[in-house]
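A.B. asks: Heads up: the sequence shown begins at 10 in the numbering used here, then just goes up one per residue.
Every residue, glycine too, gets a C-beta built ideally from N, C-alpha and C.
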Amino acid sequence: MEMNIVSVTGESVPPSKGGSPADTFERSIATCEVNGQQRTVTVTYVRYFEKVLAERGIYDQDAEGIPVNRLVAVLFLEKHPDERGNRHYINDTDKFLSLFAGFSLEDFKRKHVGLSLA
Numbered sequence: 010m011e012m013n014i015v016s017v018t019g020e021s022v023p024p025s026k027g028g029s030p031a032d033t034f035e036r037s038i039a040t041c042e043v044n045g046q047q048r049t050v051t052v053t054y055v056r057y058f059e060k061v062l063a064e065r066g067i068y069d070q071d072a073e074g075i076p077v078n079r080l081v082a083v084l085f086l087e088k089h090p091d092e093r094g095n096r097h098y099i100n101d102t103d104k105f106l107s108l109f110a111g112f113s114l115e116d117f118k119r120k121h122v123g124l125s126l127a
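If you want it as C-alpha cells, here you go:
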C-alpha cells in the first residue's frame, strides 16, 4: 500500500469555556493519498506531551523549529496505517510517545521531501 502525504498542518485548540489552562490541546491534521483515494486524519492530543518529548530528549520543537503538531498526524498514519476513522484523540503519554519511537527529524524530512512543515 503506497501512502503519499499531501499536506500537514497543526493548530492549537482554544480552551473550552470554564476549562482550566491545563485543558489545552493541539491538533495535527494530515491529508494523504492511498490508492488514489484522499483521506484526512486529525489527531488531537494534550499539549503537555510536547513538553514531555523535550524533557526526555526525544524531540524539542523550540530547538528544531518545526512544531510537534506538524508531525503527529503523519507519524500516526505511518504507525497505524490500518486504523479506521479519521479523528483520533490521544490522552495517554505512552501512546503519544510511541509515535516518536525511533524518530529522527532528518529521516522524516528525507522521507517527506516537499512537504511544508513550517
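#1: Run through DSSP, which three-state label would Ala63 get?
#2: Just mark Thr49 as buried or exposed, buried being the case when its beta carbon has 16 or more other beta carbons within 10 Å.
#3: Can you grab the Cα-Cα spacing for the pair Cys41 / Asn95, in whole Å?
#4: For Glu87, report the span of its alpha helix (DSSP H) as first-last.
#5: Could you tell me the distance, in whole angstroms, from the CA atom of Phe105 to the CA atom of Tyr68?
#6: Find out if the Cβ-Cβ distance for the pair His97, Thr53 is shorter than 9 Å.
#7: At the level of alpha carbons, what is the spacing between Lys118 and Val81?
#8: Determine the burial state of Asn78: buried for a count of at least 16 other Cβ atoms within 10 Å of its Cβ, exposed for fewer.
#9: Grouping DSSP H, G and I as helix and E and B as strand, with all else coil, what is Asn100?
#10: For Ser125, is the classification buried or exposed, using 16 other Cβ atoms within 10 angstroms of its Cβ as the cut-off for buried?
#11: Do Glu59 and Glu35 have their C-beta atoms within less than 9 Å of each other?
#12: Just checking my contact of Val83 with Val17 at CB under 8 Å: how many whole Å lie between their CB atoms?
C.D. replies: In this structure, then:
#1: Three-state result, Ala63: helix.
#2: With fewer than 16 Cβ atoms within 10 Å of its Cβ, Thr49 is classed as exposed.
#3: Pairing Cys41 with Asn95, the inter-Cα distance amounts to about 11 Å.
#4: In the DSSP assignment, Glu87 falls within the unbroken alpha helix (DSSP H) covering 81-88.
#5: Distance between the alpha carbons of Phe105 and Tyr68: 12 Å.
#6: Their beta carbons are under 9 Å apart, which means His97 touches Thr53 by this criterion.
#7: If I take the Cα positions, the gap works out to 14 Å.
#8: Asn78 counts as buried, since at least 16 other C-beta atoms from the protein chains shown sit within 10 angstroms of its C-beta.
#9: Three-state DSSP puts Asn100 in coil, outside helix and strand.
#10: By the neighbour-count rule (16 or more Cβ atoms within 10 Å), Ser125 is not buried but exposed.
#11: It is a contact, given that the beta carbons lie within the stated cut-off.
#12: Right, the Cβ-Cβ distance comes to about 6 Å (below 8 Å), so this counts as a contact.
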